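Here's the structure, in structure tokens; my notes come after.
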Amino acid sequence: MRWRRNNGRLIPPDVFIPAAESEKMMGPLTRHLMRLIANDVKEWIPTGEFHLSINIASEHLAGGEFIGDMRAFRDSIPSSLSL
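Here is the structure:
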């Protein structure tokens, strides 16, 4: 994930992830990423096989929302894909 500013400049994860962690925003950030992936993957499937990895922050993994978030993500991607 990269954060693209209005001027087109990319801000790398090593800059914005610490800010998201300190503000306890890793869960919402991960959910946002999952929504983006669910939308994008629908276009990628016809192009053939691919692999996808998502880094999950320990804060999100330990939180009570993680399992529900993963179920929602699974339900939002085509059934031909597996997690």
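Residue 895 in my numbering sits at position 1 of the sequence shown; the count goes up by one each step and never skips. Heads up, the beta-carbon is just placed ideally off N, CA and C, and yes, glycines get one too. Computed from a predicted model, the values in this text were never measured in an experiment.
When you compare only the Cα positions, how much space is there between residue i and residue j?
i, j, result
"W938", "R899", "25 Å"
"F960", "S973", "20 Å"
"F910", "G921", "14 Å"
"R929", "N901", "24 Å"
"S976", "N949", "16 Å"
"I905", "D969", "30 Å"
"W897", "D934", "17 Å"
Would residue i be called buried (16 or more neighbouring beta carbons within 10 Å of its own) or exposed?
i, result
"H945", "exposed"
"H926", "exposed"
From the DSSP output, which residues share a beta bridge with residue i?
i, result
"L904", "R898"
Does the beta-carbon of residue i, which I'm using as the reference point, lie nearer than 7 Å to any heavy atom of the ligand COA?
i, result
"D934", "Only the bare structure without any ligand can be found here, which leaves the ligand COA out of the picture."
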